[in-house]
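Participant: Input: one structure, supplied below.
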Amino acid sequence: MRRIYRVTWIRAFRHVSLRKFMNTSGDPNVSDVKFSFTERMSSNSSSPSSMATPEIEESGVVPFLSSLSSDLDTLQKRWMRCFRVCITSTPRVVIEAKSMDSDVWTQVVTMKTTQLPRGLIKTVEDVLSLPTEAENRRVTVIDLRDRPEDIAVAQQILAKRFPGLRLQIDHSKGTDLQGTVTHTVSVSLRDHGFVDGSPSKEEKSVKETFFGEAIGASFASTARRALREAFEAAGIPPPPRHFERDQGESEMEIYLETIRNATNETIEIMTSLVGDDHVQVIVQSSNGRRLGLLKGRRDDALSIVLACVERAAECTNRIATEEARKRIADHPVVLALPPKGLRPKEILHRLLFHTFGLTNERIRVLTSQGDGGTFVTTVDAELHWSVTVNTERPVFSTLSRAVGVSKKAAEELACVKAIQRCFPRVFEDQLSFHADVREIINSTKATDKDSICPHISKGLLAQLRWAAQCHKKEVLIEAVQLLPNSENESLGIRTTRALWATQLFLVDQQGTRDFICLALDPKKSASEQKAIAAAIWKIFREECSEGVTYAIDRGLIDKEGNATSCEGISTSEPLPKNDYELAAESDPFIQKLQIVPSQSISVPHRQSLLSVFRRGVQLYIDLLNERSGGGGVYGTSIGQLIEFTDRNLMDGSFKAQILVQFSGDGVDITKETLGEAFHPSSAIIALFSAFKGLFEEEGIIAKAAREDKQVESIYRDTCQRAEEIPPLPLEISTSNPLETVAQCIMLKYGLGVELRISGGGNVVQVQFFGQSPAHLGSDHLVTSSQFFLGHGRGNSLLKAVVSCCKNVFYAHVCSKSEALGGARLSALNSGTVQVLFQGKSILASRVEDVMKEILENKAVSSAASIHVKVSIHSVAEGTMYQAHLCVVDGARVVELERTSLVADLLLSLRQLTENIIREMGGPTVDIDAIQRQCTGPLRYGTLQQLLEVFYGFPLLVETSLKDHRWHCRLSVHLFEEFYYALAYSVNLKKKEAVENAAKKALEHCFGAASRVAGSQETSTAKKSTPTVEKIGCAEEDFGFVYKKPDNRCTPWN
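Counting from 919, one number per residue, gives the positions in the sequence shown under my numbering.
Printed below as a string of structure tokens:
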């Protein structure tokens, strides 16, 4: 800690010898003396020459002190303050000042003792005085007009670097079709022609690549763009713009300079997030001394930083800070604006630099393409001023956000709104009246709201989807072709020609459908466009006024909003048809039904899934027989496949067994069980499950395939044959239910359907039985040649048959225990799963930091490893997840961190990451900034990038085509055979199914990230889609861990 000595100047001091205060170099040694020069000498005092002793005059101290006193008097008269010099034990002095009516002294500046007394006035006035006129122009006048000197600067740079070449500018002027005067400028390099010697290799290379061309309304801006293009093509750094060359001091820098002059230290500004919505600003010196601290809302971060720096400056040097405030207030910003062609982004950059000292590298204008072809622009400012401190994840403050139908409109409005928010005085006084600014603000091409109606060039459907989404609804379009000369009672019309009927519905979040309109046209696309236009006029005419005008001009709707009619339509009274009438009209087997006790439903025989599994088991048994040298596994016995079904008389359940019977000369008949299965009501389901179970993960054949190449060949051949069989439908057809069920039973079991009728009067009962084809009566011993499939009742034969078809379909075909592509998914409700983090994700980086710290502290051996595990708990609320961070050192396992129970696995990993950051004291993860960086045009790409950035998980996409619909499941690979299901979706189009599944995953795992990027839900999806999607998931559509063997094909259902 330094000691300060103040030398007090009084009249008697002039008679004291000062030689003892001089050191060997001639400088005064004032280590124990105090003197002040603020008091003026009385007029009756003797002159220094008459009063001084010869010793003083000889040393030269009196002229030094007299000059110093005179300079202090000059400063006092000019600034109306008292000044004093404080001499310390260091080779520097401190200049302090106080006002006339105050007793508090404040430090103004420090300076070297060797600069006294000549440099006193200049040093003090440099701190307190106003800047010069030239400095004022650079700091306060911001010239945004085009300057022709950009061409001259480029010529100078090129002439200096390439003396053998000269800049060639070709300029032409013309008028386009709209009467606008345009300039065409092209730039290139040419030889001088008089330079001695051949050109260098560099000059030859740059001459070939240096070329740029641009067209615009202004010669200066057009030439500048052409030059920029040419410099980029040649790989030469472009010349600096005039505002880059003319940059002056910012307001932030003025306050920082005040602090530096007072402390003689480097000043750093540290910013950090406090939660998600607040920021903390610390101003500190290079040695760690805190000079100021402020907290506030993240949206006001720039103002908070400036206020914190200003407060720190005031606490350090109040007088210099007052002068700095006066200097800033007396020289407000003056914008020199061009009459047209305003550049809002450049204005924003210049104002942010002038006020906050932010360079262009710290200002980020991000634009991404959102729903319906619109563009979303966000203006962010990086809160970073320190030269020495570099944060791994910097803090950003969002200044404004805008959406527009074009990228240019969105960026211009976002920049204007940022100026209006950050610099309201400048905007109101100098920008609000400008024609270009008024045009940008009043334009319908961009808005600062959450979304904007897509441009009409994106289509009427995009506008309708946007408007419906604003009201939290979805668009559902159903189109059906009407046959010529037919009566459509449900629609209430008769047609004399083939027409397309399109019905449009709006579906709310509860799934309720609201019918909007009906449109008819010979062309499907035209009928859909009419329905969309009528819906826009009826519900969203204010939001989509441009679309209404477009539809009326093209004859899609009339002026009253009704869809235009077409030829070939006549009205009729609507008489709705039920499912039974549709089945009676369309199903070929129902039309041929006879009232007899038993009749067969004959469909073409096809290879079934059951026969494929049976073949695979037989090949496995044949392999066992071959390996025993012609005999079986028991000596000379030969194995034979046996299928056995039995019913429990106690509860009526069925048991199916797959056996191998060994028999031969001199060998007792023995049986070995390969697999078995149970079912509470169906023998054929139990038998099918028993065969299929042999090829599932825990089945005998599946286990043997992992170790035996020949068995693996049988396993893979069986799987491939099963996949080649057409998939079973997910819904029963209402028009031909009996035909659908018969075909499905043949496809799955290889059985023909026998229909048996009983009862009479008011109740008719129908039973379906599966009959084994004739070719099964061979070596396979089956205890039952027929299987009961299901039954149905009704007050008529038609209703009883339709009821029986539905019961059989939902019992045998549409099984909810089957997964995508038929592979059974078993959700894990308990246990622990290890997480394999990969790449340079946030989770992996934080875990590596923990391991490095542990190794540095030598808490574990160098052979120790660190793991992330997730435990699965089944509680009353459902399945919950808990993440753990553990270190394994030999036989010792230490748990370092544990999260609370949450309902999502990814959320538990995110909590683990945040806990590690909190314990390690690292920077807070800015989730919003990462989401904006990862946002792309497709939701699938956005989800993939977010998973890689946060967790390092690869995204697994599984798709399957069933019944003309694409099924998609998104999962992430956790470790080995464990996966985590994110989302499931069904759609008529494969791309839409993937995008819809990605949308669900974004909403479930990352929340707000799904508001931007990606296409919307398709409007052609059926209302029954949510129900269809749940078919095949063992637990939920998303959020469950399942186990799947790696590199294994799984048989279909």
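Positions of the beta carbon are idealized from the N, C-alpha and C atoms, including for glycine.
Model, not experiment: these values are computed from the prediction.
(1) Less than 8 Å separating the beta-carbons of residue 1391 and residue 1368?
(2) If you reduce the DSSP assignment to three classes, tell me which class residue 1709 lands in.
(3) Pull up the distance between the alpha-carbon of residue 1119 and that of residue 1152, whole angstroms please.
(4) Just reading off the beta strand (DSSP E) that residue 1030 is part of, what are its end residues?
(5) Take the Cβ of residue 1664 as the centre, count every other Cβ of all protein chains shown within 10 Å, and call the residue buried at 16 or more, exposed below.
(6) Is the distance from the Cβ of residue 1406 to the Cβ of residue 1414 below 8 Å?
(7) Does DSSP put residue 1221 in a helix, in a strand, or in coil?
(8) Enumerate in chain order the residues of its own chain whose CB-to-CB distance from residue 1801 is below 6 Å, with the five nearest sequence positions on each side excluded.
(9) Which first and last residues belong to the alpha helix (DSSP H) in which residue 1303 is found?
(10) Quick check: what's the CA-CA separation for residue 1252 versus residue 1129?
(11) On the three-state DSSP scale, how would you describe residue 999?
(12) For the putative contact between residue 1898 and residue 1959, defined by C-beta atoms under 8 Å, what is the C-beta separation to the nearest angstrom?
(13) Buried or exposed: where does residue 1372 fall if 16 or more other Cβ atoms within 10 Å of its Cβ makes it buried?
(14) Which value, in whole angstroms, describes the spacing of the CA atoms of residue 1461 and residue 1388?
(15) Note the first and the last residue of the continuous beta strand (DSSP E) segment covering residue 887.
(16) Can you list, in chain order, the residues of its chain with a C-beta nearer than 7 Å to that of residue 1027? Leave out the 5 residues immediately preceding and following it.
(17) Return the chain-ordered list of same chain residues with a C-beta closer than 8 Å to the C-beta of residue 1708, the five sequence neighbours on each side being excluded.
(18) Measuring straight from C-alpha to C-alpha, what distance separates residue 1254 and residue 1840?
(19) With residue 1388 as the anchor, note down where its alpha helix (DSSP H) starts and where it stops.
(20) From which residue to which residue does the alpha helix (DSSP H) around residue 1267 run?
(21) Excluding five sequence neighbours on each side, which residues of the same chain lie with their C-beta closer than 8 Å to the C-beta of residue 1197?
(22) By a C-beta neighbour count over all protein chains shown, 10 Å radius and 16 as the cutoff for buried, is residue 1030 buried or exposed?
(23) Which residues bound the alpha helix (DSSP H) around residue 1958?
(24) So for residue 1621, helix, strand or coil by DSSP?
(25) For residue 1168, is the classification buried or exposed, using 16 other Cβ atoms within 10 angstroms of its Cβ as the cut-off for buried?
(26) Give the range of the beta strand (DSSP E) segment to which residue 1633 is assigned.
(27) Are residue 1451 and residue 1475 close, meaning C-beta to C-beta below 8 Å?
(28) Can you name the residues that DSSP bridges to residue 1106?
(29) Return helix, strand or coil for residue 1536, following the three-state DSSP convention.
(30) Give a yes or no on contact between the stretch 1441-1458 and the stretch 1499-1519, applying the rule of three or more CB pairs nearer than 8 Å.
(31) For residue 1516, name the three-state secondary structure that DSSP assigns.
(32) Residue 1664 by DSSP, collapsed to three states: which one?
(33) Distance check for residue 1142 and residue 1105, CA to CA, integer angstroms please.
(34) Could you pull the start and end residues of the beta strand (DSSP E) that residue 1188 belongs to?
(35) Quick check on the DSSP output: the beta strand (DSSP E) that includes residue 1411 runs from which residue to which?
(36) If you draw a straight line from the C-alpha of residue 1706 to the C-alpha of residue 1562, how long is it?
Facilitator: So, from the listed chains and residues:
(1) Going by C-beta atoms, residue 1391 is not nearer than 8 Å to residue 1368.
(2) strand
(3) 14 Å
(4) Looking at the DSSP string, the run of the beta strand (DSSP E) that includes residue 1030 is 1024-1030.
(5) Counting Cβ neighbours within 10 Å, residue 1664 comes out buried, since at least 16 surround it.
(6) no
(7) helix
(8) 1788, 1817, 1826, 1827 and 1830
(9) Where residue 1303 is concerned, there is no enclosing alpha helix (DSSP H), given that its DSSP letter is neither H nor E.
(10) 37 Å
(11) strand
(12) Indeed, because the Cβ distance is near 5 Å, the residues count as touching under 8 Å.
(13) buried
(14) 10 Å
(15) The chain is shown from 919 up to 1971; residue 887 falls before or after that span and cannot be answered.
(16) 1013, 1041, 1042, 1045 and 1179
(17) 1685, 1686, 1722, 1725, 1726, 1729 and 1730.
(18) 44 Å
(19) 1378-1388
(20) 1262-1274
(21) 1189, 1190, 1191, 1213, 1214, 1215, 1216, 1219, 1222, 1301, 1313 and 1315
(22) exposed
(23) For residue 1958, no alpha helix (DSSP H) run applies; the uninterrupted beta strand (DSSP E) run containing it begins and ends at 1958-1961, by DSSP.
(24) helix
(25) buried
(26) Note, residue 1633: premise wrong, no beta strand (DSSP E); alpha helix (DSSP H) at 1627-1642.
(27) yes
(28) 1086 and 1129
(29) helix
(30) no
(31) strand
(32) helix
(33) 10 Å
(34) 1185-1192
(35) 1411-1413
(36) Approximately 16 Å, taken between the alpha carbons.
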